[in-house]
Structures are given as structure tokens and as C-alpha cells.
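Peer 1: Each residue of the sequence shown is one higher than the one before, starting from 327 at the first, in my numbering. From the three backbone atoms N, C-alpha and C, an ideal C-beta is built for every residue, glycine too.
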Amino acid sequence: MKIAFDNTLPDQGKVAALIQACGLEQTWDAGRFFDTNPDLCRFVSAYDSEELVGIGRMVHDADDGGNSRLDIVVLPDYRRRDIVDTIFKLLKTRRSAIARQV
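1. How long is the line joining the alpha carbons of His386 and Asp361, rounded to whole angstroms?
2. Taking 7 Å as the cut-off, decide whether the C-beta atoms of Val379 and Leu401 are in contact.
3. In chain order, what are the residue ranges of uninterrupted beta strand (DSSP E) at least 3 long that sit wholly in the region 363 to 393?
4. Locate the alpha helix (DSSP H) running through Ala343, then write down its first and last residues.
5. Taking 8 Å as the limit between beta carbons, can you name the residues of its chain near Lys418, skipping five residues before and five after?
6. Considering just the uninterrupted stretch of the beta strand (DSSP E) at Phe331, what are its terminal residues?
7. Does Leu417 come out as helix, strand or coil in the three-state DSSP assignment?
8. Using a Cβ-Cβ cut-off of 7 Å (strictly less than) and excluding sequence neighbours within five positions of Ala330, which residues of its own chain qualify?
9. With burial defined as no fewer than 16 other Cβ atoms inside 10 Å of the residue's Cβ, what is the status of Ile345: buried or exposed?
10. Give the straight-line distance between the Cα atoms of Asp403 and Asp365, rounded to the nearest whole angstrom.
11. Measure the alpha-carbon distance for Gln338 versus Asn393 and round it to whole angstroms.
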């Protein structure tokens, strides 16, 4: 199937379900994607039809010398399909846009 990428943050329930499906619920909380001012973040969501199969977030931290923090979660069955790399590349190309806003 073809994977579609979107620059919006899905609702917290979908993110929580993705984290649980990846087995990360003991160490990650879906709230981590919602805990920062959205003006300082860029998101990329990956969908297979209507199913959320991956999400990435880059947070620009002006207080840390302009460094960025990156979070990416992709379902195990989709990790060999270059989704992680694509999310990373899409977030990286948008990093400069974040820096210009701050």
C-alpha cells in the first residue's frame, strides 16, 4: 500500500494507540507529542489508508542554542519501508522554518 504523509498532529488517542502498538507505553506517553507550544514544533504523520502507522515531531529549543529534539515512532511492521527515514527527512527540511519563527 502507498503511505501518505501529513504535516498535522493526529488526536492524542491515535498517538496513544500507536505508542501502545509499538510496545512503548511503559517508557513513552502520548502526551510528549502535545506538551510543547505547537509554534515550536513540526509534525509529520504517516498513514496507510486511514491507519496512523508513524509520527515524528521536531521541537526547536531556542533556550538550548537552537538545538532540536526529535521523536519518531513507527509501527514495527512498517519500519522496513523507509518511513522512519522519510519522516526524519521531512522534519529536517522543515527545521530551518522553525528556527526562523523563533
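Peer 2: Well, looking at it:
1. 13 Å
2. yes
3. 367 to 374 and 377 to 387
4. Gln338 to Ala347
5. Met384
6. Ile329 to Asp332
7. helix
8. Tyr373
9. buried
10. 32 Å
11. 26 Å
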